[in-house]
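Report on the following structure.
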Amino acid sequence: MTDTLHLGQTLSFSGNPFDDGPDAAHHERRGGVLVHDGRISDTGSADHLRRTHPKATVVDHGDGLILPGFVDAHAHYPQTGIIASWGKRLIDWLNSYTFPEEMRFGDPDYAAEVAGRYLDLLLEHGTTSVCSYCTIHPESVDALFTAAAARGMRVFAGKTCMDRDTAPEGLRDTAQSAYDDSKALLTRWHGQGRAEYVITPRFSPTSTPEQLRALGALWAEHPDCLMQTHLSEQTDEIAWVKSLYPQARDYLDTYEAHGLLGGRGLYGHAIHLEPRERDRLREVDAALIHCPTSNTFIGSGLFDMDGLMKDGHRVGLATDTGGGSSFSMLRSMAAAYEIGQLRGRALHPSELLWLATTGAARALRAEDRIGNLAAGLEADFTVLNLASTKGIAQRSARADDIWEALFPTIMMGDDRAITTTVVAGHTVHKRADAN
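If you read the sequence shown in numbering that gives the first Met the number 0, its first letter stands for residue 0, the second for the next number, and so on.
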């Protein structure tokens, strides 16, 4: 198979900039990424790679910035059609928009149409991997993994489980069917190509203790799988959980008591954590997923990025489509910066980019496969035009370093900034006006 050499500016990570500062990132003003058989086989300066791989097919992206493909660590693909729906808090938003839409996903044709549209939107925004909730319908899981396989994407997903009457009739399963359906889907999809199954109780208020216990048992049987759920998103949600689980020490305990706390757990939002919860999450090295556009759009609160990172928590970034108001990880980075400012800590561009790439991959326990530009990793990357609009171009032209050049695109960029998206070495999206 012929090697392909992608040339441009490159930006990769050798460490965590929250710990090591911006020097954890490596910028090549004129660099390259060599791809062989769907993986990155070499990186470095353009001159070195041209000299050592003279037979490679060259794709020159000019001044474009080649980055690891964005990794969205928490999303709800069935909510694609209701993104940016007006004016509700979490519980009202679920009842008014989310649940009625999710009822439609028992139709395999509808699920397939939305899954394909959703993944294409991600690729247009430079996102090459996503961890998504599906619906209670097995058809919704089959649709997403089938669409991902057609595009060559690494996707993490699972059937959403809800058996409590707090969820509407027609959108509930049972403790037994949740276990049986999840196990069957896991057997069918986990490890097939680039598919990874994720055990998925929606959150404690929509599951009975029996269902949580059943899913905890399934996770114990398949500890290599991830488990995803929601935690402490809003204060009224926390009060709701306390009313449903009066014996629990706190919200996290509703999961911990049923076998759903562990190092491969993904806990979305995690805004209003009690000290015990923070301690336990850190002790087991679970992942906390920051969903900033959702947190501001639904009025949930301000994630404590600085405090949690200083305490040693594992954190990733996500859009939370469609509670989040954008499919763009650029917009998620911008919102994370804005929330950091409100909490008194301006996140550096290197930290923002790390959260959307290596950090999110690390949250998904997949940093050995995705989220960086390094030899041996899967060849998922995106190319940014750092002058995609007149407003961005006039600001980036004043930049003294790569961070000043990149930051305007983080704050003001949209899908026009994405010139090319590459998945497993194949170009799957290219803007018509790109070089």
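Note that the Cβ used here is the ideal one computed from N, Cα and C, for glycine as well.
Model, not experiment: these values are computed from the prediction.
Asked	Found
Output the distance between the C-alpha atoms of Arg-342 and Asp-180, rounded to the nearest integer angstrom.	42 Å
I'd like to check one pair, Ala-219 with Gly-258: are the Cβ atoms closer than 8 Å?	yes
Which residues bound the beta strand (DSSP E) around Lys-389?	No beta strand (DSSP E) contains Lys-389, which is instead part of the alpha helix (DSSP H) from 389-395.
What is the DSSP secondary structure of Asp-303, counted as helix, strand or coil?	coil
DSSP three-state label for Leu-260, please.	coil
Can you look up Met-161 in the DSSP assignment and give me helix, strand or coil?	coil
Hey, quick one: how far does the beta strand (DSSP E) through Leu-48 stretch, first residue to last?	Segment 45-51 is the alpha helix (DSSP H) holding Leu-48; no beta strand (DSSP E) there.
Out of Ile-198, Lys-87, Gly-298 and Gly-358, which has the shortest C-alpha to C-alpha gap to Met-332?	Gly-358
So, using beta-carbon positions, are Ser-13 and His-5 closer together than 8 Å?	no
Note the first and the last residue of the continuous alpha helix (DSSP H) segment covering Ile-401.	401-411
Assign Thr-222 to one of two classes, buried (16 or more other C-beta atoms within 10 Å of its C-beta) or exposed (fewer than that).	The amino acid at residue 222 is misidentified as Thr; the sequence shows Pro. The residue is exposed, with fewer than 16 neighbouring Cβ atoms inside 10 Å.
Taking a contact to mean a Cβ-Cβ separation below 8 Å, would you say Val-70 touches Gly-424 in this structure?	no
Buried or exposed: where does Ala-286 fall if 16 or more other Cβ atoms within 10 Å of its Cβ makes it buried?	buried
Specify the secondary structure class of Lys-241 as computed by DSSP and reduced to three states.	helix
Taking the straight line between their C-alpha atoms, what separation do you get for Asp-413 and Ser-327?	7 Å
Look at the Cβ atom of Pro-204, then the Cβ atom of Thr-145, and state whether they are nearer than 8 Å.	no
Could you spell out the range, first to last residue, of the beta strand (DSSP E) harbouring Pro-507?	Because the chain here runs from 0 to 434, residue 507 falls outside it and cannot be looked at.
Checking 8 Å against the spacing of the C-beta atoms, do Gln-227 and Tyr-132 come in under that value?	yes
With a Cβ-Cβ cutoff of 8 Å, do Arg-171 and Met-161 count as a contact?	yes
Compute the distance between the beta-carbons of Cys-130 and Val-58, then report whether it is under 8 Å.	no
Report buried or exposed for Gln-210, applying the criterion of at least 16 other Cβ atoms within 10 angstroms of its Cβ.	buried
So the candidates are Asn-94, Val-154 and Ile-90; which of them puts its Cα closest to the Cα of Gly-115?	Val-154
With a CB to CB cut of under 8 Å and the five nearest residues on each side skipped, what residues in its chain are close to Arg-368?	Arg-153, Ala-360, Leu-376 and Glu-377
Which partner residues does Phe-155 have in the DSSP bridge list?	Cys-130 and Glu-195
Pick out whichever of Ala-345, Arg-263 and Tyr-244 has its Cα sitting closest to the Cα of Arg-313.	Arg-263
Return the bridge partner residues of Thr-419 from the DSSP annotation.	Val-382 and Lys-429
Is the beta carbon of Gly-442 less than 8 Å from the beta carbon of Gly-63?	Not covered by the structure: residue 442. The range shown for the chain is 0 to 434.
Quick check on the burial criterion: 16 or more other C-beta atoms within 10 angstroms. Buried or exposed for Glu-403?	exposed
Measure the alpha-carbon distance for Arg-201 versus Lys-309 and round it to whole angstroms.	29 Å
By DSSP's criteria, Leu-4 is part of a beta bridge. Which residues make up the other side?	Leu-33 and Val-57
Within the continuous beta strand (DSSP E) that includes Arg-364, where are the two ends?	Neither: Arg-364 is in no beta strand (DSSP E) and is coded neither H nor E.
Give a yes or no on whether the C-beta atoms belonging to Leu-230 and Tyr-244 are separated by under 8 Å.	no
Which first and last residues belong to the alpha helix (DSSP H) in which Thr-145 is found?	137-150
Below 8 Å, can you find three or more Cβ-Cβ pairs linking the segment 83-101 to the segment 405-420?	no
Return the CA-CA distance between Thr-356 and Arg-275, expressed in angstroms with no decimal places.	29 Å
May I ask you to list the residues that DSSP assigns as paired with Pro-200?	Cys-160
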